[in-house]
Structures are given as C-alpha cells and as structure tokens.
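*Asks:* Numbering (the working numbering), first residue to last: 13 to 83.
Ideal Cβ placement from N, Cα and C applies to all residues, glycine included.
So that we are looking at the same thing, I have put the structure below in structure tokens.
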C-alpha cells in the first residue's frame, strides 16, 4: 500500500477470519491476492501475481501434496 484512506479488507478467503482488517501503509502495507477491499480506498504497487502471489503459492503447495499422495 502506498497510500490508504479508511481501508478495510476481508481476508477471510485466506485466514477464515470474519472480521475486516484495517490496513495502513505504515504498519500493515500488504493486500494479499484473493482478499477483498470492502471499505475505503488506496493506491498500491503490485509485487507478485499468478504463482508468485500468496494464493498461487498455496495452490502450488496443495498441488505438490496431492501429487505426493498419489505416488
């Protein structure tokens, strides 16, 4: 996050936590893929997409585990 204004994010898709998370550029500057901005606005710089994103890494790990279990 480069700049935010009353930013609240739903991270339940990754954390299963139902509470909205307040995000600030100074203390919690990352918005993870698969999460949803519910309130506020922000300017951000994208650091990772696809298999390099948090969701992509989780899916890759799950795929590896599934392959190991099939062997």
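1. Assuming residue 35 is part of the beta strand (DSSP E), what are its boundary residues?
2. Residue 37 and residue 70 look like a contact to me (Cβ under 8 Å); what is the Cβ gap, rounded to whole Å?
3. Does the region 71-79 come close enough to the region 51-60 to have 3 or more Cβ pairs within less than 8 Å?
4. If the criterion is Cβ atoms closer than 9 Å, does the pair residue 66 and residue 44 meet it?
5. Whole angstroms are fine: how far does the CA of residue 82 sit from the CA of residue 18?
6. Could you tell me the distance, in whole angstroms, from the CA atom of residue 41 to the CA atom of residue 28?
*Replies:* Taking the geometry as given:
1. Counting along the chain, residue 35 falls outside any beta strand (DSSP E), and DSSP gives it neither H nor E.
2. Between residue 70 and residue 37 the Cβ distance is about 25 Å, and since that is not below 8 Å, they are no contact.
3. no
4. Result yes, Cβ atoms of residue 66 and residue 44 sit closer than 9 Å.
5. Looking at the two C-alpha atoms, the distance is approximately 47 Å.
6. 20 Å
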